[in-house]
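First residue of the sequence shown: 50, per our numbering; consecutive thereafter. Every residue gets a Cβ at the ideal spot worked out from N, C-alpha and C, and that includes glycine. As the structure is a computational prediction, the values presented were derived from the model and not from experiment. Encoded as structure tokens, the structure appears first; notes follow it.
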Amino acid sequence: MPAKNIEILLIEDSAVDARLTERLFGRLNIPHRLHLVRDGEEAIKFLEKTALVPEKYWPDLILLDLNLPRRSGYEVLEAIKKHPSLKIIPVIVMTTSDQEEDIRRCYELQANAYITKPDSLHSLLETLLAIEAFWLRSVKLPSPKF
């Protein structure tokens, strides 16, 4: 188990999807804190503040929906990966689209993974368990430079 809470930033406009994700993350066997932002503009502002004061809140992992109001998930992903400090944060795109053009564009913008949102509660739990096993237990995540 990690010595500290894993910080997860969920960028999701759907209240239902956000609530389900929060509840299911609560079932995981890893200490974590989930922070939710609901639109692309809010996400970019939040991350810009994070870069200025990383000791206050630094996400170890970002879960990003593509279909966001105000700024698209593509714009958020591009802003993260172009930012000199934020670009090291792993970003997993979780969206309803399984279109090849969306998948390709996200990887071109340097997404670390692309997952089509599961259509059942059980499948979503399995997906989050897989994220936990790989991203939160197996890999070494970068820390910000303070």
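| Item | Value |
| --- | --- |
| Quick one: what's got a C-beta closer than 6 angstroms to P191's C-beta in the same chain, skipping five residues either side? | I137 |
| Would you list the residues sitting across from Y163 in a DSSP beta bridge? | V142 |
| What did DSSP end up calling R154 once you bin it into helix, strand or coil? | helix |
| How far does the alpha helix (DSSP H) with H171 in it reach, from first residue to last? | 170 to 180 |
| Give a yes or no on contact between the region 72 to 84 and the region 148 to 162, applying the rule of three or more CB pairs nearer than 8 angstroms. | no |
| With DSSP collapsed to three states, give me the class of I79. | coil |
| Taking the alpha-carbon positions, what's the W107 to D168 distance? | 30 angstroms |
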